[in-house]
Structures are given as C-alpha cells and as structure tokens.
C-alpha cells in the first residue's frame, strides 16, 4: 500500500479518537480524562508554576483574558468563588493564553492588581495549555479532582456576566441559581462526581495562532 | 440650482467612498431569532454569508473590513451578505457603537441585532462563540459553519473566500 493510501484509514482513526475524547461542547477533552499538564508558566507573582506544583485536592483552572467584557463582568464572581473555598484544599488558577498585548504581561499584572485577583494568574505564550484543554472561551472553567482528572468544564454558573460600556455588570439570566463550579468542587472534595459535568461556556473566543 | 449642486456634491462624495455607489442607508434592525430566520429564508435564490459579531469581540471587529471588501467583490455574483450582531440589546451604548461601526465601515448590506438572551441565541445559532460565519447555498441550506470552536482549526478569511468560491459558479478570482 502506498503512503498516500494510509491517510484515509489513519484520518478515520484520528477522527474517531478525537470524537471519543471530545465533550458535548469541548472538541478536545472530555469528563473523566486525565487533565493535561503544564510546566513552568510565568505568573503575575513573578514566579513560574506547573500543574504538578499544586498539592491541593481540587484544582480549578479558569481561562481568562483581560480585554474580555465577559471576564471583567465575571471577575467579582470569581473572587467570591476563591473566598468561598478559603481554608479548603482547593486551588484556583487563572490562565491566559491569548497573545494580544492587552491579554499578556504586563497587562495581566495590571488587571490582577486592579481587580485584586486572589489567585494565581499564569500566562502560556505557547498557547499549548489552551489547545490541550480545548479552551475556546474566556472565561472557561475546568475542575480537576485529586487524581487530576477533569470532573467539570464550562461556565462558572448559569448566569454569565458581561461588563457593559458604562462599567455596570449585567448577568445574562439575572441572579445565578445554579453554581456549577462551586457544586463540582464540593462534589470533588467529597469524592463524588459532579451533578452537572459540562456546560456551554460563554465568553470571548480564544484566538489561537495558525500553525 | 442649489439643489443640483448639493446633489452633485453628494454623488461625488459617494463615488469617492468605496461601496457607496448604491446609496443604500446603513441601518441596524433588531429582530428575534425567528424573524431573522424568516429574513434569511427570504434570501433564497442567493448565496448568503452571515457574519455573527459583536462590538465586544476584537477578532470580529478586525475581520469586518474584510467582509465589507468581500461583499463589494461578490455582490454582483449572486451573493448577499448579512451581519448579525449579538451585542446586548439592553446596553444602549453598545447598540449605538454597533450602529456607528457599521456606518463607518460602510456596511451596505442587511445588518441585524439579535433580540435574544445571549445564551439562548448561541444555543439557537448552534455556536459556542463569535466570530462565526455561516454560508448558505441558493436553496437556503447551510453549507458552511465557520467557527473558532476547535483550537486546532479556527477559521480564517481564506476559509470564507474558499467557501464562496465553492458555492458560486460565477465567483470572481480570489484576491
């Protein structure tokens, strides 16, 4: 068989694999899959961090972008999430993978200081972490359990917030009533699966450089 | 006499402005999802390009001039361009910004503002986010759904143009 003839079957195998791993909305990873690692990403704290550095039972990764009104609108809710699990074995980590100047250092440091981010905020200039998680929105959340398997991905809660032109925050569905990340973290801490494991993330599109 | 001078000046200004020759007012019409579908159905017989955008989406804003330029090149080849803003219709400043942006861009095609809750809008449109571009054939069937939903394969302007070339038998040369 010539080399060319292999592409058809190999393509099908790749497609089957991609579909097998994909979630309902996420095109790359699925619930229950081992969370992709990341290594030595620079943080707004001046240090570098790897996924393996976090010893907490639960890790919440959230893909963010300073420029995005859905991130700015949700900042307050995010701070509240971190405060809610203070003293518990939970680590929240923000990840920026866009390459726009307003989404990278030092704009990240400025934004983190202005809002008072109470969690690590890392940048991946290779965008590889975003690609491996299939993250295409900001904000987009991933909850990892003690075994570092993905147990939830998608929205923070059922009423994503957008910052309006006048600076006011507008929740799309009023006061949130379903707190997906909070509930998934609580379930993971209790060693249980999340009742809602995947939702359709809402926000700005992550722009990946063409390779 | 004054009227004629004024008309001549307006005509000259329009001829100078690219794409203004049709003298079509640029408007932004607020429509429900169902109404939008009806408007799309009314375009059957044309190839239709729908650009889903918002003023809060930098890639949409950056791409928009290219859409206007494609519209200029394809409009005489049976292709209709439609823009659909998903800006928050309750944010008057954003709606006004969208209107002004379309005017600045001289977007002389059908421009709509979706009158829907954004989560429901994305569900109904079957997209995760914007920018997103849909292309419909002359029978009104959606043939291309170009999105940024897959990090391994986000669409570019070239994909829009390639889709247009495949749908239109009289398409101009790609630029």
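Chains as they are written, first to last, in my numbering: chain D, 1 to 211; chain S, 212 to 386.
All C-beta atoms, glycine included, are put in the ideal place defined by N, C-alpha and C.
This one's a predicted model, so the numbers in the text were calculated from it and none came from an experiment.
- Shown in chain order are the members of the region 298 to 309 of chain S whose Cβ falls below 8 angstroms from a Cβ of chain D: 299, 301, 302, 304, 305 and 308.
- Under the Cβ criterion of 8 angstroms, residue 110 of chain D is not counted among the residues facing chain S.
- A Cβ-Cβ separation of about 11 angstroms leaves residue 293 of chain S out of contact with residue 346 of chain S under the 8 angstroms criterion.
- Residue 245 of chain S counts as exposed, since fewer than 16 other beta carbons sit within 10 angstroms of its beta carbon.
- Just measuring C-alpha positions, the residue of S:336, S:383 and S:380 sitting nearest residue 262 of chain S is S:336.
- Contacts between residue 134 of chain D and chain S, judged by CB atoms closer than 7 angstroms, involve 362 in chain order.
- Secondary-structure assignment with DSSP links residue 163 of chain D through a beta bridge to D:169.
- The beta-carbon distance between residue 115 of chain D and residue 166 of chain D, rounded to whole angstroms, is 18 angstroms. This is too long to meet the 8 angstroms contact definition.
- The region 264 to 279 of chain S makes contact with the region 328 to 342 of chain S: 3 or more CB pairs, one atom from each, lie closer than 8 angstroms.
- At a cut-off of 8 angstroms between beta carbons, residue 341 of chain S contacts chain D.
- DSSP, read as helix, strand or coil, puts residue 268 of chain S in coil.
- If one requires a minimum length of 4 residues, the alpha helix (DSSP H) runs lying completely within the region 248 to 306 of chain S are 269 to 285, in chain order.
- Around the beta carbon of residue 287 of chain S, fewer than 16 other beta carbons lie within 10 angstroms, which makes this residue exposed.
- For residue 368 of chain S, the uninterrupted alpha helix (DSSP H) segment begins and ends at 368 to 378.
- For residue 96 of chain D, the enclosing beta strand (DSSP E) covers residues 90 to 96.
- In the DSSP assignment, residue 29 of chain D falls outside any alpha helix (DSSP H) and carries neither an H nor an E.
- A distance below 7 angstroms between beta-carbons, with the five flanking residues on each side excluded, links residue 316 of chain S to the following residues of its chain, in chain order: 275, 276 and 279.
- Counting only Cβ-Cβ distances below 9 angstroms, residue 66 of chain D has no contacts in chain S at all, with the closest Cβ about 12 angstroms away.
- Checking the DSSP bridge columns, you'll see residue 153 of chain D partnered with D:142 and D:198.
- Counting along the chain, the unbroken beta strand (DSSP E) around residue 123 of chain D starts and ends at 120 to 123.
- Counting only Cβ-Cβ distances below 8 angstroms, residue 276 of chain S has no contacts in chain D at all, with the closest Cβ about 17 angstroms away.
- When the alpha-carbon of residue 378 of chain S is set against those of S:238, S:362, S:361 and S:350, the nearest one is in S:350.
- Look at the region 144 to 171 of chain D: the residues with a C-beta under 8 angstroms from a C-beta of chain S are 160, 162, 164, 165, 166 and 170.
- When C-alpha distances from residue 301 of chain S are compared across D:207, D:157, D:163 and D:124, the shortest belongs to D:163.
- Interface annotation, residue 328 of chain S: in contact with chain D, CB-CB separation under 8 angstroms.
- Around the beta carbon of residue 174 of chain D, fewer than 16 other beta carbons lie within 10 angstroms, which makes this residue exposed.
- At a cut-off of 8 angstroms between beta carbons, residue 383 of chain S makes no contact with chain D.
- Taking C-beta atoms as the reference points, residue 57 of chain D and residue 146 of chain D count as a pair closer than 8 angstroms.
- With 16 or more other Cβ atoms inside 10 Å of its own Cβ, residue 131 of chain D counts as buried.
- Its Cα nearest to that of residue 60 of chain D, the residue D:184 stands out among D:184, D:41 and D:123.
- The three-state reading of DSSP puts residue 326 of chain S in coil, since its state is none of H, G, I, E or B.
- Counting the other CB atoms within 10 Å of its CB gives residue 83 of chain D a total below 16, which places it among the exposed residues.
- Chain order gives the chain D residues near residue 359 of chain S as 136 and 205, where near means a beta carbon separation below 7 angstroms.
- In the three-state reduction of the DSSP assignment, residue 101 of chain D falls in the helix class.
- Annotation: the continuous alpha helix (DSSP H) that includes residue 132 of chain D extends over 128 to 133.
- At a cut-off of 8 angstroms between beta carbons, residue 194 of chain D makes no contact with chain S.
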